[in-house]
Every structure is written in C-alpha cells, then in structure tokens.
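Student:
Number of protein chains: 2
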Amino acid sequence: MITGKQSISFENPPYIVNYASIVGQKEGEGPLGNCFDVIEEDPMVGSPNWEQAESALQKKAAETALQKAGLKPKDMRYLFSGDLLGQIIASSFGMLDLQIPMFGLYGACSTAGESLSLSAMTVAAGYADYCLAVTSSHFASAEKQFRYPLEYASQRPLSTTWTVTGSGAFIVGKQGKVKITGVTTGKMMDYGVKDSMNMGAAMAPAAADTICAHFKDFGRGPEDYDLIVTGDLGVVGRELLLDLLKQKGFDLTEKHFDCGIAIFDDITQDTHSGGSGCGCSAVTLAGYLLPKLESGELKRIFFMPTGALLSTVSFNEGQSIPGICHGVILEH
Amino acid sequence: MITGKQSISFENPPYIVNYASIVGQKEGEGPLGNCFDVIEEDPMVGSPNWEQAESALQKKAAETALQKAGLKPKDMRYLFSGDLLGQIIASSFGMLDLQIPMFGLYGACSTAGESLSLSAMTVAAGYADYCLAVTSSHFASAEKQFRYPLEYASQRPLSTTWTVTGSGAFIVGKQGKVKITGVTTGKMMDYGVKDSMNMGAAMAPAAADTICAHFKDFGRGPEDYDLIVTGDLGVVGRELLLDLLKQKGFDLTEKHFDCGIAIFDDITQDTHSGGSGCGCSAVTLAGYLLPKLESGELKRIFFMPTGALLSTVSFNEGQSIPGICHGVILEH
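In order, the protein sequences belong to chains A and B.
With the first letter of the first sequence counted as 1, position 219 gets the number 511 in the numbering used here; the numbers rise by one all the way through.
With the first letter of the second sequence counted as 1, position 82 gets the number 374 in the numbering used here; the numbers rise by one all the way through.
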C-alpha cells in the first residue's frame with residue numbers, strides 16, 4: 293500500500309462518485325465553456341461582497357455534486373475543503389450550512405489535489421463511506437487578497453495568471469465513476485523565486501519534484517499516462533516544468549496538460565500566462581477531464597495541481613515563494 | 293472502527309511517540325513554566341520579523357521532538373501542520389527545510405486536534421510509520437494579523453484572551469508513549485457571535501457539540517475521563533461550555549480543564565480570560581498533559597481544542613464567528 297518514499301497505491305481503490313463545477317462568466321466564455329455544470333452570470337453570486345460570493349460558489353458546487361449523486365450532506369462523513377483566502381473563509385462560510393465534520397485545508401492552488409488525496413486515503417482506510425472534497429477561487433476575492441484593488445486597473449505583466457472564478461466539488465466513495473488508484477504527496481520546494489507576478493516559475497520546481505517522485509515510486513514514466521495534468525503553471529510555468537523534467541530525463545511535451553492554459557483563450561480573453569487559483573484545476577477536472585475518464589476517452593491521468601505558498605505578509609517581508617504539488621492518479 | 297456519526301475508534305491504536313514544546317518568556321513565567329522543553333527568551337527567536345519568529349518556533353519544536361525520539365525528518369512520512377496566519381506562512385516557512393511530504397491545515401486554534409486526528413488516522417490506516425503534527429502561534433504575529441499594532445497599546449476587554457507564543461510538535465507512530473484510541477471530528481457551529489474580543493463565546497458551542505457527539509458515539513460520559521481538555525475557551529468560554537452542557541444533561545464542572553486558563557496566571561500576568569492560539573493547547577498538551585499520561589497520573593483524557601473561524605476580512609464585513617472543535621482520546 294505504501295509505495296516508495298512519497299506515495300500510496302490503494303489496494304481497494306476509492307472512486308469519485310460524482311462531481312460538479314460552477315464557474316463565472318469569463319470561464320463560461322472560454323474554450324471549456326460548454327463543459328461546466330453551471331455558469332454564474334452574476335460575479336457577486338447574489339452576495340454582498342466578493343468573499344461571500346466565493347462561499348456561494350462552493351455551496352452551489354457541493355449541492356450540485358450531491359444532487360447529481362442523489363446524496364445528502366448527512367451522507368458525507370467528512371468534508372475536506374480549502375481556498376486561497378486568509379483563514380480559508382470562503383470554505384468556512386460556504387460549507388457552514390452543510391453541517392459535515394470538516395477538516396479545513398490550506399495548500400494554495402494545490403488544494404484540489406490535497407483534498408482529493410485525503411478524501412481518497414480516508415475512504416480507502418474504511419473511515420468513511422463518502423467524503424466531500426471542495427475547493428474554490430474567485431478572481432475578485434483573490435485580487436483583493438493578494439494584489440491590488442480592482443479599481444486601480446493595474447497593468448499585469450505577461451507572466452501573470454488570471455484567477456479563475458469557480459468551485460469544484462468531488463464526492464469520494466467506495467463505488468463510482470472514476471477510480472483513484474494512488475496518490476503522491478508533495479514536499480515544499482523553494483528555488484528562491486520572489487516574483488508574485490510569476491507564480492508559474494515559483495511552482496514549476498514543486499511540480500517537477502512531485503512528478504519525479506511519482507515516476508520513481510511507481511516505476512512509471514510519461515508513457516504510462518494519457519495526460520499529466522498540472523493546475524495553473526500557465527505558459528511560463530509549463531516551459532520551466534518541461535525544461536526541469538528534460539534535465540531529469542523525462543520528455544513531457546506531448547503528455548503535459550495545464551488546466552490554466554486550457555481554461556482561457558489568451559488571444560481573445562487577455563489572460564496572459566493562463567488561469568490560476570484553487571478553482572482552476574478543480575473546475576477543469578470536474579468539467580472537462582472527469583467526463584473523459586468516465587467515458588473511457590482517457591484511461592489514466594496524473595492530476596497534480598501546484599500551490600504557491602506565499603501571503604502578502606511573507607511577500608512584503610521579502611520572503612521567497614515556495615511551491616507544493618499534490619498528485620492523484622485517476623483511472624477509467 | 294467507524295463509531296457513531298462523527299467518530300473513529302482505532303482497532304490498533306497509534307501512539308504519540310514523542311513530543312516537544314517551545315514557548316516564549318511570558319509562558320515560561322506562568323504556572324506551567326517548569327513543564328516546557330525550551331523557553332525562548334528572545335521574542336523574535338533570532339528572526340527579522342514576527343512571522344519568521346513563529347516559523348522558528350515551529351522548526352525548534354519539530355527538531356526537539358525528533359531529537360527526543362531519536363528520529364530524523366526523513367523518517368516522517370507525512371507532516372500535518374498549520375497555524376493562525378493568513379496562508380499559514382508560519383508553517384510553510386517553518387517546515388520548509390525538513391522536506392517532509394506535507395498536508396497544510398487550517399482549523400484556527402483547533403489545529404492541534406485536527407493535525408493529531410489526521411496523523412492518527414494516517415498511521416492507523418497503515419499509510420505511514422511516522423507522522424509529524426506541528427502547530428504554533430505567536431502573540432505578536434497574531435495581534436498583527438487579527439487586531440491592532442502593538443504600538444497602539446490598545447485596551448483589551450476582560451473577555452479577550454492572550455495569544456500564546458509557542459509551538460508544539462507531536463510524532464505519531466505505531467509504538468510509543470501515549471495511545472490515541474479514537475477521534476471525534478467537529479462540525480462548524482455558528483451561534484451568531486460577532487465579537488472578536490470574545491472568542492470563548494464564539495467557540496463554546498462547537499466544544500459543546502463535539503463533546504455531546506463524542507459521548508453519544510462512544511456511549512460515554514464525563515465519568516469515563518480523568519480530564520476533558522479544551523484549548524482556549526478561557527474563563528468566559530468555560531462558563532458558557534458548562535452551561536451548554538448542563539442543558540444537555542452533562543456536568544463537566546469537575547472534569548473540565550482549559551489549557552488557556554491553565555497556562556497564565558491572570559492576577560500576576562494580566563491576561564484576562566486566559567491564553568489562546570494554536571500554540572496554547574499544543575504546548576499545554578506537550579508540556580503538561582502528555583507527561584502525566586505517560587506516567588499514568590492521568591489514565592484517559594479527551595483533548596478537544598476549539599477554533600474560531602474568522603478573518604479580519606470576514607469580521608470587518610460583519611460576518612459572525614463560527615467555531616469548530618476536533619477531539620482526540622489520549623490514554624496511558
């Protein structure tokens with residue numbers, strides 16, 4: 293069951309029972325626009341502020357996933373959820389009404405991988421029939437948290453990514469649509485990047501480290517996967533990841549898929565390096581990738597979202613931006 | 293193994309292998325001053341700012357626990373850590389050098405319970421020989437995060453608590469000093485409290501809910517425990533907890549122990565309702581309670597730190613302060 297240094301291979305693999313994706317208008321107008329369960333036209337989602345708007349996205353995603361599965365909140369033994377905001381308030385206030393025993397997580401944009409890993413470990417260990425994994429991000433709450441007031445209309449360098457407005461929810465259980473056959477849990481990697489407008493560069497080393505650990509632990513290579521899926525490295529981070537892996541002897545050019553690159557069309561949507569945020573990988577997995585795994589169009593992918601571990605305080609104090617990456621094997 | 297609605301009873305209980313507590317000067321001068329492994333006289337812990345000081349406390353706590361156990365960071369298969377700061381930067385930067393696969397957590401002041409629960413579940417499931425659970429808080433980084441600049445010397449109402457400067461680290465493994473025989477995982481409870489200077493009131497309902505769920509799941513009552521240990525309800529929160537439990541038919545007056553009340557002497561230390569922060573319950577457990585469990589002076593306790601799920605943003609936007617409480621059964 294314990295596999296190599298950082299991985300688990302499940303003897304009785306848990307399944308993704310059902311899943312849902314809720315996105316904002318811009319995501320709905322992007323290349324994956326026809327994949328999502330709900331496109332929210334109102335950026336406030338009927339809420340008085342951006343943070344509560346993000347909470348509302350989480351709640352809708354969870355409720356939609358439960359509805360699709362024909363399950364109730366009380367059927368969920370544990371909730372694993374997190375987001376990008378300080379003290380994960382999007383999750384606390386979004387999930388409050390569901391009244392599920394909750395483990396709050398913070399893994400920055402890797403949280404979809406972290407929550408799926410812990411849900412899978414919990415179900416496979418027999419601790420739960422069902423777990424619910426929920427993550428979110430919102431463009432406006434993230435800009436307010438990490439960058440500048442939107443009213444400044446600050447110019448963004450070409451290495452920046454655009455935080456996805458969206459939430460993905462996943463029910464993990466003993467039977468279902470897509471198998472979770474293993475996980476590889478990441479270590480923090482710090483290459484000394486200090487540019488918060490270049491998150492791809494900060495996170496690429498963590499992605500490279502987790503994927504190398506994964507290949508070693510499982511005795512696999514890129515050829516064993518239909519896709520190797522990162523969360524939000526973007527165009528800049530992708531180049532770095534491919535370079536780092538070439539140095540380790542792996543060519544990922546054909547197999548690599550980045551949710552951040554897929555979700556927006558930079559030419560028409562002006563998003564620069566791509567999409568980002570906890571919601572980016574979560575909604576791309578729920579909206580685009582899981583249906584393909586369910587149908588068999590994809591047989592096996594390695595889903596490995598990365599997170600940039602900074603706060604405005606650490607950034608302003610001159611600290612670097614370590615990255616982390618949590619991987620999950622998903623199979624038809 | 294699954295017990296009742298919210299609990300797990302471990303068939304092969306994991307153990308706390310070893311543990312360490314690092315505290316600041318004020319905690320060292322308090323009633324438990326002679327219990328801790330290290331008392332740091334320098335509030336900056338040799339660091340350039342409060343956040344890095346807190347990171348340094350975490351690192352020292354982890355290193356001390358590893359040293360006491362005769363183990364190395366590479367022996368730890370997973371790290372579960374968290375703190376109170378936005379984007380848990382005390383944990384990220386404190387634990388970076390240890391290079392252990394990491395699950396970042398946020399449960400506010402309940403994080404010691406959350407990290408011990410997940411560590412115990414992970415070891416008991418056979419996913420790890422050893423897990424490391426680390427949490428921290430620092431008076432100055434918490435005041436900066438949640439309240440006012442220290443230089444303002446703001447008056448504090450009597451219901452406030454004083455954030456403990458300290459970090460506790462726990463190694464969980466298959467053999468060791470103190471058994472973890474079960475966990476009860478909390479739901480978020482919101483009684484509509486909006487006063488961030490009265491965290492005890494915000495968290496008491498969550499403590500009451502978790503303890504009632506625990507008694508029901510295990511068919512136990514206060515008489516089955518030597519102590520029922522909350523983290524940082526303080527004097528105000530304790531009264532509310534005892535009242536809430538009386539309404540449910542439980543008298544906890546004799547069995548209840550609050551780490552926040554124990555760690556400071558309000559008469560001489562002017563801390564008002566008591567101590568608080570992720571570090572409060574962690575260092576009291578590591579410094580004061582675990583040695584008594586190890587010696588057999590205590591046979592069985594229920595350790596159930598509570599967290600207040602607010603941020604400055606949610607507070608300033610007029611949101612209430614939900615609480616959460618994660619319980620762990622510890623036995624000689």
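All residues carry an ideal CB built from backbone N, CA and C; glycine is no exception.
Helix, strand or coil, according to DSSP, for A:Gly599 in the structure here?
Tutor: strand
Student: Can you give me the Cβ contacts of A:Ser612 inside the same chain, cut-off strictly under 7 Å, excluding the 5 residues immediately before and after it?
Tutor: Asp482, Gly484, Val485, Lys486
Student: Under 8 Å between beta-carbons, which chain B residues line up against A:Asn490? List them in chain order, please.
Tutor: Residues of chain B passing the Cβ test: none, with the nearest at roughly 18 Å.
Student: Check the C-beta distance from B:Thr414 over to A:Met413 and give it rounded, since I have them as a contact under 8 Å.
Tutor: 7 Å
Student: Return the bridge partner residues of A:His548 from the DSSP annotation.
Tutor: A:Ile520
Student: Residues in its own chain within less than 6 Å of B:Gly468 by CB, not counting five upstream and five downstream?
Tutor: Tyr307, Ile308, Val309
Student: Is there a Cβ from chain B that is less than 8 Å from the Cβ of A:Tyr307?
Tutor: no
Student: Is the separation between the beta-carbon of A:Ser407 and that of A:Ala434 shorter than 8 Å?
Tutor: no
Student: Between A:Ile422 and chain B, is the shortest Cβ-Cβ distance under 8 Å, so that the two count as touching?
Tutor: The sequence as given places Tyr at residue 422 of chain A; Ile does not occur at that position. Not one chain B Cβ lies under 8 Å of A:Tyr422.
Student: Where B:Ala382 and A:Ser339 are concerned, what is the direct C-alpha to C-alpha distance, given to the nearest angstrom?
Tutor: 32 Å
Student: For the segment 337 to 353 of chain A against the segment 486 to 501 of chain A, do three or more pairs of beta-carbon atoms, one drawn from each stretch, fall closer than 8 Å, so that the two count as touching?
Tutor: no
Student: Under the three-state reduction of DSSP, which class applies to B:Glu381: helix, strand or coil?
Tutor: In the sequence under discussion, the amino acid at residue 381 of chain B is Ile, which differs from the Glu named in the question. Correct three-state label for B:Ile381: helix.
Student: Could you check what DSSP says for B:Phe542 in three-state terms: helix, strand or coil?
Tutor: Looking at B:Phe542 - three-state DSSP - the assignment turns out to be coil, as it is neither helix nor strand.
Student: Run through DSSP, which three-state label would B:Tyr398 get?
Tutor: coil
Student: Does DSSP put A:Leu622 in a helix, in a strand, or in coil?
Tutor: strand
Student: Which of the three DSSP states, helix, strand or coil, is assigned to A:Asn304?
Tutor: coil
Student: Thinking C-beta only, is B:Ser402 closer than 8 Å to B:Gly523?
Tutor: yes
Student: Which same chain residues, not among the five before or five after B:Trp342, have their C-beta less than 7 Å away from its C-beta?
Tutor: His430, Ala432, Ser433, Lys436
Student: What distance in whole Å lies between the Cβ atoms of A:Tyr370 and B:Thr427, which are believed to be in contact at a cut-off of 8 Å?
Tutor: About 20 Å; that fails the 8 Å criterion.
Student: Comparing C-alpha positions only, which one of A:Ala420, A:Ala400, A:Ile593 sits nearest to A:Leu602?
Tutor: The residue with the shortest Cα to Cα distance from A:Leu602 is A:Ala400.
Student: Taking its Cβ as the centre, do 16 or more other Cβ atoms sit within 10 Å of A:Gln539, making it buried, or is it exposed?
Tutor: Of the residues assessed, A:Gln539 falls on the exposed side of the cut-off, its CB having fewer than 16 other CB atoms within 10 angstroms.
Student: Could you list the residues in the segment 423 to 453 of chain A with a C-beta less than 7 Å from some C-beta on chain B, going in chain order?
Tutor: none
Student: Quick one: which unbroken beta strand (DSSP E) runs of 3-plus residues sit fully inside the segment 459 to 510 of chain B? Chain order, please.
Tutor: 470 to 476
Student: Got a sec, what are the start and stop residues for the beta strand (DSSP E) A:Ala286 sits in?
Tutor: Outside the displayed range of chain A (293 to 624) lies residue 286 of chain A, so it cannot be described from this structure.
Student: Please compile the residues from chain B whose C-beta is within a distance smaller than 8 Å of the C-beta of A:Pro397.
Tutor: In the sequence as displayed, the identity of residue 397 of chain A is Leu instead of Pro. Within chain B, the residues near A:Leu397 are Phe395, Gly396, Leu397, Tyr398.
Student: Can you tell me which residues form a DSSP beta bridge with A:Ser313?
Tutor: For A:Ser313, DSSP records a beta bridge to A:Gly460.
Student: Taking a cut of 7 Å between CB atoms, which residues from the segment 466 to 498 of chain B lie near chain A?
Tutor: Listed in sequence order: Thr477, Gly478, Lys479, Met480, Asp482.
Student: Give me, in chain order, the residues of the same chain whose beta-carbon lies closer than 7 Å to that of B:Cys423; leave out the 5 immediate sequence neighbours on both sides.
Tutor: Met368, Arg369, Tyr370, Phe372, Ser411, Thr414, Val415, Val464
Student: Are the C-beta of A:Ser606 and some C-beta of chain B separated by less than 8 Å?
Tutor: yes
Student: Is there contact between the segment 587 to 599 of chain B and the segment 506 to 524 of chain B, where contact requires at least three CB pairs shorter than 8 Å?
Tutor: Yes, since at least three Cβ pairs between the segment 587 to 599 of chain B and the segment 506 to 524 of chain B fall closer than 8 Å, the two stretches touch.
Student: Helix, strand or coil for B:Arg448? Go by DSSP, reduced to three states.
Tutor: coil
Student: Can you list, in chain order, the residues of the segment 513 to 536 of chain B whose Cβ is nearer than 8 Å to any Cβ on chain A?
Tutor: The segment 513 to 536 of chain B vs chain A, Cβ under 8 Å: nothing.
Student: So, is the C-beta of A:Gly374 closer than 8 Å to a C-beta in chain B?
Tutor: yes
Student: Is the Cβ of A:Ile503 closer than 8 Å to any Cβ of chain B?
Tutor: no
Student: Closest to B:Lys584 by CA distance: which of B:Lys471, B:Val527, B:Asp557, B:Gly552 is it?
Tutor: B:Lys471
Student: Distance, Cα to Cα, A:Tyr311 vs A:Ala494?
Tutor: Roughly 30 Å separates the two Cα atoms.
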